[in-house]
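S.K.: Residue numbers (this note's numbering): 4 to 690.
All residues carry an ideal CB built from backbone N, CA and C; glycine is no exception.
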Amino acid sequence: MENFQVSPGYIIKGTTVLDKGVNFGIFSRNATKMTLEIFENLSDNEPIFSYDLDPKRNRTGDTWHVYILGINENYSYSWRADGPFVPRLGHRFDYNKRLIDPYAKAITPKYLCENTFMKNLIVNERKLLELEREEVPGTEFKETVIYEMHIRLFTMNKNSNVENPGTYKGVVEKINYLKELGVTAIELLPIFAFDSEDTFTINPFTGEKLKNIWGYNPIAFFTPTPRYSNQTDILTFVGGHIIEFRNLVKEFHKAGIEVILDVVFNHTEEGNENGTTVSFKGLDNSIYYLLSQKDKRYYCNYSGTGNTINASHAVVKELIIASLRYWYAMMLVDGFRFDLAAILGRDENGNWIGDLSLLKDIADDSVISGAKLIAEGWDAAGGYFLGEFPCGWAEWNGKFRDTVRKFIKGDPGQVSDLATRVIGSPDLFSKYGRKPYHGINFITAHDGFTMWDLVSYNEKHNLANGEDNRDGENNNNSWNHGIEGETDDPNIIALRKKQMKNMVVILMISQGVPMILMGDEMAKTQNGNNNAYCQDNDTNWIDWDRKEKFIDIFNFFKNMINFRKIHKALKREKFFSDSDLDGNGYTDISWHGLYPEKPDWSYESRVLAFMIDGGDINGIDEDNDIYVALNSHYEPLTFYLPYIPGKKWYRVVDTSEPTEDFLEIPLVIEDNKYLVKDRSSIVLISK
4 MENFQVSPGY
14 IIKGTTVLDK
24 GVNFGIFSRN
34 ATKMTLEIFE
44 NLSDNEPIFS
54 YDLDPKRNRT
64 GDTWHVYILG
74 INENYSYSWR
84 ADGPFVPRLG
94 HRFDYNKRLI
104 DPYAKAITPK
114 YLCENTFMKN
124 LIVNERKLLE
134 LEREEVPGTE
144 FKETVIYEMH
154 IRLFTMNKNS
164 NVENPGTYKG
174 VVEKINYLKE
184 LGVTAIELLP
194 IFAFDSEDTF
204 TINPFTGEKL
214 KNIWGYNPIA
224 FFTPTPRYSN
234 QTDILTFVGG
244 HIIEFRNLVK
254 EFHKAGIEVI
264 LDVVFNHTEE
274 GNENGTTVSF
284 KGLDNSIYYL
294 LSQKDKRYYC
304 NYSGTGNTIN
314 ASHAVVKELI
324 IASLRYWYAM
334 MLVDGFRFDL
344 AAILGRDENG
354 NWIGDLSLLK
364 DIADDSVISG
374 AKLIAEGWDA
384 AGGYFLGEFP
394 CGWAEWNGKF
404 RDTVRKFIKG
414 DPGQVSDLAT
424 RVIGSPDLFS
434 KYGRKPYHGI
444 NFITAHDGFT
454 MWDLVSYNEK
464 HNLANGEDNR
474 DGENNNNSWN
484 HGIEGETDDP
494 NIIALRKKQM
504 KNMVVILMIS
514 QGVPMILMGD
524 EMAKTQNGNN
534 NAYCQDNDTN
544 WIDWDRKEKF
554 IDIFNFFKNM
564 INFRKIHKAL
574 KREKFFSDSD
584 LDGNGYTDIS
594 WHGLYPEKPD
604 WSYESRVLAF
614 MIDGGDINGI
624 DEDNDIYVAL
634 NSHYEPLTFY
644 LPYIPGKKWY
654 RVVDTSEPTE
664 DFLEIPLVIE
674 DNKYLVKDRS
684 SIVLISK
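Printed below as a string of structure tokens:
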């Protein structure tokens, strides 16, 4: 187009909308030629303008840049990169491929590109700056209660009764529900643009082609997926999916609820040597990915998905930090949960370097350090670095999950370890200057059984995933309580409910930050499927009718969350010191049992009782004393309560009492002992 003028431009990656045009910048060290194509209509296959960047005028270092005058955000663009195609050396340039800009703020979705290809959309970030910037909740980490959820699956069911099912707006419509439950933060499964058409499996029962609905397969790190927009014209910036996501954050903030993103920086959808080329492979494969040192045709697969991002390279570090800054400072999200974060702590040879890695750079970044940073401390290459992350990082506590499941099931040999988990896992998190709240306690998460299925199935039932039941975790520490799957037996149903409540008690009275899985509060079932990543149907959608069917479970979750909120003793900033700070004869935490002051730590023990001294939080009397007794034995047992002069014990929780398991007005305990029924838990407070 003769209206377009070209100048060398500025060394800024991505697109920058200026008064008279748009500046473009992209990294490639090994490309010999870079071509920028401009498109007027999203349906066009041919550009209206194409420009070959001059290496002498349009390249500084390894950044290619150009300023095009006469265009604005109404246009879209793509890149082509030419260079060597020598896979054994790690180079896979293909000039025929049109590529996604790693710094693109929006891209056209694949499902609207049947007759064309994905393009990068030009986003005017100045318009984002003009949006209302609300006050963020700023919830202290120790006060946080996380609700892990999926945007689409949360409201897709018709009985969700929202006007915009399966969308950003649909989730906003459920804010009052989440406020009633009492959570302080939602943790969203990945919302980066991703490819959900990447599975080739078929449901053998229905013939349905399965899709990777969870979103752990990103295409770009800066753009929210348009799949969760309810716009018919989602390809424009104003009123499109970017604004919809930003509005979601704003509305949750107004409700006092934080938004945490589950982010995937460890791999991309491009897969291994047999995978597609949509961005990083075509721009500079040997820089962006970890390749086998023996033969660079092949990819290191620490993620289990075919490739691994080279997070130890300075250019890749810069990209990831820029993405985090964008979401935190521009979109105002409150934190991030990093999928397979152990990969970000490895060097280019795959060795764990922790405090010398990108993980430390993120924690120390002048902007991102203000965000909540949560790591999944393992990866698919066998790395398990739980407790080894740098200061500033919180971590999913997989040991808490496993120990609680085993204890509730009645396995022997769990009591000592459970005690360690209850007090905040100091064996893991007292290092590197970290605090109890740097442990994220959970019993269920998106990958694995739901809590109801955990007490309803002995084995996984994943045949509907089309992989002959080979996928998913085999070691679930679950127990069906007598019948595999759903049943009408009232005794089994009652026992399953009680076991769920026992787990919720442990989750909410433990030091650390509790996280609950979407739908557990209404006994969500996936029919025993513990890897429902590909089930975009009733198996995975929240069945909102279950809230009323399991209203006792919902109310118990709600009450236990509120109980945690009002008791400072459950949210300590420091680990227990095993000292008596207030001089009442009891240490800050004391262990008890079936005999006065005599806990049972034996291998065969299935009971744990303890008292948290409410006056030993900061050396002053700030809270009630809290006594907890957990009985996973198959018989009722009498527990002797600690004697506190001038005070009485009041029952708040007894999970064996189905009609009054949680008391709004505590019930006084006249005797200095309490009969805890089989497979039951109690919580008492002193007054």
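1. Relative to the C-alpha of Ala344, which candidate in Val267, Ala317, Val507 has its C-alpha closest?
2. Between Gly86, Ile51, Trp547, Asp97, which has its C-alpha nearest Tyr80's C-alpha?
3. With distances taken between CB atoms, is the gap from Asn483 to Tyr460 smaller than 8 Å?
4. When the Cα atoms are used, what is the spatial distance from Phe566 to Ile263?
5. Assuming the contact rule is C-beta atoms closer than 8 Å, Asn3 and Tyr302 should be a hit. Round their C-beta distance to whole Å, please.
6. I need the boundaries of the alpha helix (DSSP H) containing Leu184, first residue and last residue.
7. Can you tell me the Cα-Cα spacing of Ala422 and Leu520, whole angstroms?
8. How should Phe96 be labelled, buried or exposed, when 16 other C-beta atoms within 10 angstroms of its C-beta is the threshold for buried?
9. Which ranges would you report for the alpha helix (DSSP H) in the region 423 to 492 if only whole runs of at least 4 residues count?
10. Let me know the alpha helix (DSSP H) ranges lying completely inside the region 616 to 643, each 4 residues or longer, listed in chain order.
11. Compare the Cα-Cα distances from Lys54 to each of Thr63, Phe42, Asp47, Asp65 and report the closest residue.
12. Which two residues bound the contiguous beta strand (DSSP E) that contains Asn26?
13. What's the gap between the Cα of Thr147 and the Cα of Ala397?
14. Considering only the beta carbon of each residue, do Tyr589 and Asp616 sit closer than 8 Å?
15. Give the DSSP-derived three-state secondary structure of Ala332 in the structure shown.
16. Apply the 10 Å Cβ neighbour rule to Asn558 and answer buried if 16 or more other Cβ atoms are within range, or exposed otherwise.
17. Using the Cα positions of Glu576 and Leu131, report the straight-line distance between them to the nearest angstrom.
18. Report yes if the CB atom of Ser326 is closer than 8 Å to the CB atom of Phe225, and no otherwise.
19. Report, in whole angstroms, the separation of the C-beta atoms of Ala497 and Pro661, which I expect to be a contact under 8 Å.
20. Find the nearest neighbour of Glu76 within the set Gly24, Thr63, Glu40, Met152, judged by alpha-carbon distance.
21. Report yes or no: do the region 96 to 113 and the region 213 to 224 share at least 3 C-beta pairs separated by less than 8 Å?
22. Give me the Cβ distance between Gly390 and Lys320, rounded to the nearest whole Å; I'm assuming they're in contact under 8 Å.
23. When the distance is taken between beta carbons, is Val69 closer than 8 Å to Phe7?
24. Does the region 344 to 355 come close enough to the region 291 to 305 that 3 or more CB-CB pairs lie under 8 Å?
25. Please classify Phe392: does DSSP put it in a helix, a strand, or coil?
26. Curious, which full-length alpha helix (DSSP H) runs of at least 4 residues does the region 123 to 176 contain?
27. At which residue ranges does the region 509 to 596 contain complete alpha helix (DSSP H) runs of 4 or more residues, listed in the order of the chain?
28. To the nearest angstrom, how far is the alpha carbon of Val9 from that of Leu322?
29. What three-state label does DSSP hand Arg349 in the structure shown?
30. Roughly how many whole angstroms lie between the Cα atoms of Val458 and Val20?
31. Taking 7 Å as the limit between beta carbons, can you name the residues of its chain near Ile3, skipping five residues before and five after?
32. Compute the Euclidean distance between the alpha carbons of Gly475 and Glu151, then round it to the nearest angstrom.
33. Taking the alpha carbon of Trp381 as the reference point, which residue from Ile246, Tyr13, Asp342, Lys212 has its own alpha carbon closest?
34. Classify Asn250 as helix, strand or coil using the three-state DSSP reduction.
35. Do Thr228 and Ile194 count as a contact pair if the criterion is CB distance below 8 Å?
36. Can Ile620 and Ala572 be called in contact, C-beta distance under 8 Å?
M.R.: So, to answer that:
1. Val267
2. Ile51
3. yes
4. 23 Å
5. Any question about residue 3 goes unanswered here, given that the chain covers just 4 to 690.
6. 178 to 184
7. 23 Å
8. buried
9. You should have 429 to 432, 454 to 457.
10. none
11. Looking at the sequence itself, residue 54 is Tyr, so the reference to Lys does not match. It is Phe42 whose Cα lies nearest to the Cα of Tyr54.
12. 24 to 30
13. 12 Å
14. It is a contact, given that the beta carbons lie within the stated cut-off.
15. helix
16. So Asn558 ends up on the exposed side.
17. 37 Å
18. yes
19. 6 Å
20. Gly24
21. yes
22. That belief does not hold up - the Cβ atoms of Gly390 and Lys320 are roughly 24 Å apart, past 8 Å.
23. no
24. yes
25. Look at Phe392 here: in three-state DSSP terms it is coil, with no helix or strand label.
26. 128 to 132, 154 to 158, 171 to 175
27. 549 to 552, 554 to 569
28. 26 Å
29. strand
30. 55 Å
31. Here the chain covers residues 4 to 690 and nothing more, so residue 3 does not appear.
32. 19 Å
33. Cα-wise, what sits closest to Trp381 is Asp342.
34. helix
35. Yes, they are a contact pair.
36. Cβ distance < 8 Å, so Ile620 and Ala572 count as in contact.
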